[in-house]
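Have a look at the structure below, then the notes.
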Amino acid sequence: MVSLEAIAGCLGVRSTTWEWVTALAVVDFDVDVGHIMRDVCPSPKVLSESDTATLCFAAMPDSSTGSGLGDDVFAFRLLRSGSSPLWGFSFFRSARDPSCKRGVSQMAVVLLTPLPLFRLFRLAVTRIADAYFAQQHAGPGGGAVLREAHAQLACWATPRATDPMLSLSAVALPLLGQQLTLQLVRARCGPACAVPCAFLGPEEVYVAERSNVDALCGLGSLVWTLWQLILCGESIVVLAPSPEQATELVLALTSLISPLAFMSDFRPYLSVHAPEWDRYGSFGPPPGSGVILGATNPVLARSPPAWQSLLVLAEEPVRPPAPSGAATLRDSLEALTPVFGVSASAEVHGERVASWTTQADCFLRPDDRLLRQLGQKSAGDDVQGQLLREHFEGLTASFLEPLERFCTMGSLHLRQPIGGSTLMLQKWGPQTQARFLKEIENLEPPPLPRSLVPQRAHLLKLYAAFLRTPHFTHWWECQRELTLGGQEPSAESQRR
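Below, the structure is given as structure tokens:
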């Protein structure tokens, strides 16, 4: 039986105990008073006074485009004073309410957890919020719903794993009349990120841990550039019309280099009131840190120093100009310029891209055949997402193959392993790196198609940048662990 510590570790959590949920909370916004914490389960003592203030601001969008009415479900990171950080999942509702001073009520139901199971907990907080608001509409009693939900969450079964690869048995998780079934699959090498699900019926939801890049389908040729930048540890900021869209895209980006584990820092949604906002907004991320941030506040785009790579999502799909004299694409971009403060001359790559600017050297070319397939709307989002996932998983696996062979054989020129185990006993140092890059320079055929990376110099640059990232450091340690444990390392072992 695999220990709970190992299972928690596969999700990026350092703990010897298993805790599904730390707290449930309800945050209200009062025009005269500001943010108010209406309720906390199991107790307000779970959070300090400063953590409560931070949570109140993080649970609500600090800016958005459009009318601002409706629901948003998003994720954020809650940094706590003197305690381990938590993941927050907020169901925020803004609705017309004549009884409120400005005619609009703003309230958020929040779930706090140490576990980065994003799809599971977004489903859970949605279920809780639906029940809470339904009870509020019928009359007082929303607090009872919150306590009932917390009691059920506290009784969720602890996951079990019987094999070292941590493929867990399905766990039944009842919640307010709905049955969630969680399946964690090969979550061994790095934190779990996007978790897609399939609805089996009105009262049953199946959640499986796997990569999810569906949100990237509308980005067109830009996806190949983003894959290169993430693989090389470049930082990216995503400005979206809503926190929910920012969350979806950031989680998809962290899954883009699967089966490689994404090991840099990321914030699905970062509020301007977050403690780390000043660090990122005023100074930017450290070079090579590979931070990915999602935000809605245009201040982040205008704060010096400018982020090296900035992606602005369009509120509505951006279409090519029609020949009949309809509004041009440039007009659409210019309409967004006052909102996000970006140049309307930025190149458009896909219908969801309002603008894209970067200072990085982007040389990876898109796969034209796949790009044409993604442009066929009749295929459907599920089919397009599957095509995109398979392509980039294959691309990442091809990129890793020479490294796996080098570690196993000791050289790319050998067909039989000589000195591979000795290499894995050592740390990856400058001499080893120089020898690997020299062999890559002369390797035929190249690991990536020439149609994507025509110049060998760019291929070397791609590997050299990757070897400086935390993604590679983690991959190397996993390879050592598998090799020294007597198991043959492979790209498949890196699947989350």
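The sequence shown begins at 1010 in this note's numbering and counts up by one. Cβ atoms here follow ideal geometry from the backbone N, Cα and C, with glycine treated the same way. From a predicted model like this one, the values you see are computed outputs, not experimental measurements.
Taking the beta strand (DSSP E) that residue i belongs to, which residues open and close that run?
i: His1159; result: Element bounds for His1159: not the beta strand (DSSP E) but the alpha helix (DSSP H), Gly1151 to Ala1163.
i: Thr1305; result: Where Thr1305 is concerned, there is no enclosing beta strand (DSSP E), given that its DSSP letter is neither H nor E.
i: Phe1083; result: Gly1079 to Leu1087
i: Trp1236; result: From DSSP, Trp1236 is part of no beta strand (DSSP E) but of the alpha helix (DSSP H) over Leu1231 to Leu1240.
i: Ile1245; result: Ile1245 to Leu1248
i: Asp1039; result: Ala1032 to Asp1039
With burial defined as no fewer than 16 other Cβ atoms inside 10 Å of the residue's Cβ, what is the status of residue i: buried or exposed?
i: Asn1221; result: buried
i: Ser1460; result: exposed
i: Gln1385; result: exposed
i: Ile1137; result: buried
i: Cys1164; result: exposed
i: Cys1198; result: Note that Cys1198 scores 40 on pLDDT, short of 50, meaning its location in the model is unreliable; the coordinates nonetheless yield the value given after this. Counting Cβ neighbours within 10 Å, Cys1198 comes out buried, since at least 16 surround it.
i: Asn1451; result: exposed
i: Asp1223; result: buried
i: Pro1498; result: Confidence in Pro1498 is poor, its pLDDT being 41 and thus under 50, which makes the residue's placement unreliable; the coordinate value appears in the next sentence. By the 10 Å Cβ count, Pro1498 comes out buried.
i: Gly1438; result: exposed
i: Glu1453; result: exposed
i: Ser1364; result: buried
i: His1422; result: exposed
i: Ala1158; result: buried
i: Leu1493; result: exposed
i: Ala1283; result: buried
i: Ala1466; result: exposed
i: Pro1294; result: buried
Select from the options the residue whose C-alpha is nearest the C-alpha of residue i.
i: Leu977; options: Phe1127, Leu1095, Ala1138 and Ser1251; result: This structure cannot settle anything about residue 977, because the visible part of the chain is limited to 1010 through 1505.
i: Leu1412; options: Leu1397, Arg1374, Arg1489 and Cys1164; result: Arg1489
i: Tyr1472; options: Met1418, Ala1363, Leu1491 and Ser1407; result: Ser1407
i: His1135; options: Leu1189, Cys1416, Ala1160 and Leu1373; result: Note on residue identity: the sequence assigns Thr, not His, to residue 1135. With distances taken between Cα atoms, Thr1135 lies closest to Leu1189.
i: Gly1419; options: Ala1140, Phe1445, Pro1479 and Phe1101; result: Phe1445
i: Glu1360; options: Thr1263, Leu1320 and Asp1391; result: Leu1320
i: Val1246; options: Asp1081, Ser1264, Pro1463 and Gln1317; result: Gln1317
i: Glu1486; options: Arg1089, Met1272 and Pro1456; result: Met1272
i: Glu1028; options: Gly1043, Leu1162 and Val1082; result: Leu1162
i: Leu1476; options: Trp1365, Gly1297, Asp1287 and Thr1417; result: Gly1297
i: Phe1101; options: Leu1421, Pro1183, Phe1038 and Gln1440; result: Phe1038
i: Met1046; options: Leu1397, Pro1455 and Thr1063; result: Thr1063
i: Val1180; options: Gln1187, Ala1166 and Gly1186; result: Ala1166
i: His1044; options: Pro1307, Thr1031, Val1030 and Ala1067; result: Ala1067
i: Leu1265; options: Val1308, Leu1240, Pro1454 and Ala1032; result: Leu1240
i: Leu1238; options: Asp1370, Pro1070 and Arg1156; result: Asp1370
i: Leu1184; options: Val1030, Trp1286 and Thr1441; result: Val1030
i: Asp1376; options: Leu1155, Leu1404, Leu1269 and Thr1441; result: Leu1404
i: Leu1248; options: Ala1270, Gly1091, Leu1269 and Ser1280; result: Ser1280
i: Pro1307; options: Asp1071, Gly1227 and Ala1032; result: Asp1071
Span of the alpha helix (DSSP H) holding residue i?
i: His1282; result: No alpha helix (DSSP H) holds His1282; DSSP gives it neither H nor E.
i: Thr1366; result: Taken as a continuous stretch (DSSP letters only), Thr1366 belongs to no alpha helix (DSSP H), being part of the beta strand (DSSP E) at Val1362 to Thr1367.
i: Lys1464; result: Per the sequence shown, the amino acid found at residue 1464 is Gln instead of Lys. Premise fails: Gln1464 is in no alpha helix (DSSP H) and is neither H nor E.
i: Asp1048; result: First-last for Asp1048: Gly1043 to Cys1050, but that is the beta strand (DSSP E), not the alpha helix (DSSP H).
i: Pro1252; result: Pro1252 to Thr1263
i: Gln1317; result: Where Gln1317 is concerned, there is no enclosing alpha helix (DSSP H), given that its DSSP letter is neither H nor E.
Three-pair Cβ contact test at 8 angstroms for the stretch 1244-1258 versus the stretch 1044-1061: Fewer than three beta-carbon pairs drawn from the stretch 1244-1258 and the stretch 1044-1061 are found closer than 8 angstroms, and the two stretches are therefore not classed as touching.
Quick check: the stretch 1109-1126 against the stretch 1092-1099, are there 3 or more CB pairs under 8 angstroms? Contact between the stretch 1109-1126 and the stretch 1092-1099 is present, because at least three Cβ pairs lie under 8 angstroms.
How do the stretch 1295-1308 and the stretch 1272-1280 stand: do at least 3 beta-carbon pairs fall below 8 angstroms, yes or no? The stretch 1295-1308, when compared against the stretch 1272-1280, does touch it at the 8 angstroms Cβ threshold.
Only counting runs of 3 or more residues, tell me where the beta strand (DSSP E) segments fall wholly within the stretch 1373-1399, in order along the chain. If only uninterrupted beta strand (DSSP E) runs of at least 3 residues are considered, none is enclosed by the stretch 1373-1399.
Three or more beta-carbon pairs under 8 angstroms between the stretch 1043-1055 and the stretch 1080-1089, yes or no? No, because fewer than three Cβ pairs between the stretch 1043-1055 and the stretch 1080-1089 fall closer than 8 angstroms, the two stretches do not touch.
Using 8 angstroms as the threshold, is the stretch 1229-1236 in touch with the stretch 1465-1481, meaning 3 or more CB pairs across them? Too few Cβ pairs lie closer than 8 angstroms, so no.
Starting from the N-terminal side, write out each stretch of the beta strand (DSSP E) that is 3 residues or longer and does not extend beyond the stretch 1104-1130. Complete beta strand (DSSP E) runs here, min 3: 1113-1122.
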